[in-house]
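Line by line, the protein sequences give chains F and X.
Going by this note's numbering, the first sequence opens with residue 1, and the numbers climb by one from there.
Going by this note's numbering, the second sequence opens with residue 1001, and the numbers climb by one from there.
Positions of the beta carbon are idealized from the N, C-alpha and C atoms, including for glycine.
Number of protein chains: 2
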Amino acid sequence: MPLPQLDDIERAADRLAGYAVRTPLLRSDALDQLAGCQLFIKAECLQRTGSFKFRGSCNHMAQLPTEKVRQGVIAYSSGNHAQGVAQAARLFGGQATIVMPHDAPSVKRQGAEGDGAEIVGYHRNSEDREAIGTALSEERGLSLIRPYDDAWVIAGQGTVGLEAARQLRDLSLAADVAIAPCGGGGLIAGTSLALKAAFPDVDVFSAEPEGFDDTARSLVSGQREGNRPGAQSICDALLAPEPGEITFAINRTTLTGGVAVSDADAREAMRAAFRHLNIVVEPGGAVALAAVLGGKLEIRGKTVLVVVSGGNVDADLFAETLRTS
Amino acid sequence: MPLPQLDDIERAADRLAGYAVRTPLLRSDALDQLAGCQLFIKAECLQRTGSFKFRGSCNHMAQLPTEKVRQGVIAYSSGNHAQGVAQAARLFGGQATIVMPHDAPSVKRQGAEGDGAEIVGYHRNSEDREAIGTALSEERGLSLIRPYDDAWVIAGQGTVGLEAARQLRDLSLAADVAIAPCGGGGLIAGTSLALKAAFPDVDVFSAEPEGFDDTARSLVSGQREGNRPGAQSICDALLAPEPGEITFAINRTTLTGGVAVSDADAREAMRAAFRHLNIVVEPGGAVALAAVLGGKLEIRGKTVLVVVSGGNVDADLFAETLRTS
């Protein structure tokens, strides 16, 4: 499969028009002071289904033949891709089966169920979701929509970068630095493609949870590195075992590097977004903001684009996070 | 002083361009199901300073002579107008003095202080903020910016309605019903003017906390009615003692009626906005959404515009609200 190009992202944007939300670029003087630079937050927590994932699944679904949509689709996902696929399926007249870990946040499970998806549970540490998904796909004749290693999905996620670039240009600005959360790498792959096309000198970074910094380490070694088994993080959306094949083929050419943040840093960023932007951000959605606020990048005085990728967090975890400052 | 007209709101929109955020119209299938209609949420919690109030203070500040701005401005406010005035003053090169109740949410106080405002505290139940503000204004030569009974402020707040009308038209929709939070009535006055001009058949309602439903009762009696002393509500932004003179002169002609909601209803709406929209809404900002979700209006099958007016809420209160469902 050829790697997705800018052109694919532009066509994805056309397909998504009328479906996906053109999410706002938010900013705050107080956040700028904290970060020591000019920050623009691409708020994908305000996207349909509460995360950027809808963009990729919608772009995939729009290109599936009608009969395939009617036969049904299947996805394995920690929750946000699940909701994206479930809602895109409903909008296009199909039904989704979702292979989801038993410990997924209940808001994510409920979101997918609300769109009529059938949930098949699995154990995150002892079962192979990809194997379960592939087997079910063959057994039931369902089209598999992979969460990141899929050119259509990557092109859809790239519309985050395309939109943000246009929004910055509308303000007569260019991004010096951009950073986005990274699990399997689909968001940062598509987004970095679009941003490098708009701003050739921009430095783009991936942000990952500590213990799941496979992309950061792979960028250093030049080959795909896996995460050590047994690592834990509250960033449930970013626990992919290793970079995708397609995503890493892109990211190795577009990214300047990767940074990792602790769960405590992610929670601090969730509080900052609550306090200064009035948005609800889930732990995994907050890691890029966490990297910026935690001083992980050389950004003083620069124009910095930060993707906040999702906001699907259970009320208990959010309340606990607000109370542990 | 002549009442503000549509024309004043359109000119306010021009003045605010580049300062105020064009806040998004958010929606959610799940919320639509809960409400039984097609809901569009004008998310002013994403406005600069975290509430719509910036629009009015900025529109006033932009029309003040430079020398007046340099001499300084003063406002009395429960907190959101304070932050709006403080930030508008800073942006236009002046400094604000704010008369604010001792029990104002600390995020609101900190927000105003962060913009360099001097805070003068007063006791909400035993002191008259208007008298303190007027006295200080005269003593120090400061220009007083009233929170709602001011034509420039009302015209600025009206840009909420102007923008929302344009956003609905971009979707080829017209509002059948619109509802916004109401304290002194500036937001609903300006917004209803703009909405009635765009959609002559729209029914516009004010939403107030129980015990502070002065506008609803005034609309029924045809004259300005005050609130009974001693009433309490967590909706700190909406505790004005009676409708404004200018605001009521508008609202009696533009509003279909007013509804009141309980603190429990407001909290339920805060949780719904957290869950389905990923936005942070303060109690007073949530009363219009609360009215809609609580079945206070006949809206089945209609297109309904709901203004969420602010999101400045202390972390403890928000966490407590998430936990008491």
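Close to F/Phe-274, with beta-carbon spacing below 8 Å, are these residues of chain X in chain order: Val-1280, Ala-1315 and Phe-1318. One alpha carbon belongs to X/Thr-1159, the other to X/His-1276, and they sit about 26 Å apart.
In the displayed model, X/Gln-1071 falls within a helix according to three-state DSSP.
Put simply, the CB of X/Gly-1158 is far from chain F, with every gap to its CB atoms at 8 Å or more. The CB of F/Gly-50 comes closer than 7 Å to the CB of Asn-1278 in chain X, given here in chain order. By the beta-carbon neighbour count (other beta carbons within 10 angstroms, threshold 16), X/Thr-1303 is buried. Beta-bridge partners of F/Lys-42 (DSSP): F/Leu-25 and F/Val-307.
By the neighbour-count definition (other C-beta atoms within 10 Å, threshold 16), X/Pro-1229 is an exposed residue. Taken through DSSP and simplified to helix, strand or coil, X/Phe-1205 comes out as strand. Per DSSP, X/Gly-1156 has no beta bridge partner at all. Under the 8 Å criterion on CB atoms, X/Gly-1084 is classed as non-interfacial with respect to chain F. Contact of X/Cys-1235 with chain F is not assigned, every C-beta pair being separated by 8 Å or more. The continuous alpha helix (DSSP H) containing X/Gly-1133 extends over residues 1129-1140.
Residues of the region 1024-1050 of chain X with a C-beta less than 7 Å from any C-beta of chain F: Pro-1024, Leu-1026, Ala-1030, Cys-1045, Leu-1046 and Gly-1050, listed in chain order. Taking a Cβ-Cβ cut-off of 8 Å, the neighbours of F/Arg-323 in chain X comprise Ala-1315, Asp-1316 and Ala-1319, given in sequence order. Annotation: X/Ala-1240 is outside any beta strand (DSSP E) and is labelled neither H nor E by DSSP.
Contact annotation: F/Gly-186 and F/Ala-237 have beta-carbon atoms that are not nearer than 8 Å. Within chain X, the residues Asn-1278 have their CB atoms less than 7 Å from the CB of F/Gly-311, given in chain order. Following the DSSP letters along the chain, one finds F/Gly-257 in no alpha helix (DSSP H) but inside the beta strand (DSSP E) bounded by residues 257-261. At least one C-beta of chain F is nearer than 8 Å to the C-beta of X/Gly-1114. In this structure, the beta-carbon distance from X/Gly-1133 to X/Val-1099 falls below 8 Å.
For F/Val-287, the nearest beta carbon of chain X is not closer than 8 Å to its own beta carbon. Per DSSP, X/Ala-1086 is one residue of the alpha helix (DSSP H) stretching across 1080-1091. For F/Gly-121, the secondary structure class from DSSP, reduced to helix, strand or coil, is strand. By the criterion of a C-beta distance shorter than 8 Å, X/His-1123 is surrounded in its chain by Pro-1101 and His-1102, once the five residues flanking it on both sides are discounted.
Here the alpha carbons of F/Glu-10 and F/Leu-219 stand approximately 27 Å from one another. Residue nearest to X/Phe-1212 within the set X/Asn-1227, X/Val-1202, X/Ser-1172 and X/Gly-1018 is X/Asn-1227 (criterion: CA-CA distance). When DSSP reads this structure, F/Tyr-76 sits in a beta bridge with F/Val-99.
In this structure, the straight-line span from the alpha carbon of F/Ala-266 to that of F/Ala-272 is close to 10 Å. Taking each of X/Ser-1192, X/Ile-1154, X/Gly-1111 and X/Lys-1296 in turn and checking the Cα distance to X/Val-1307, the smallest one comes out for X/Ser-1192.
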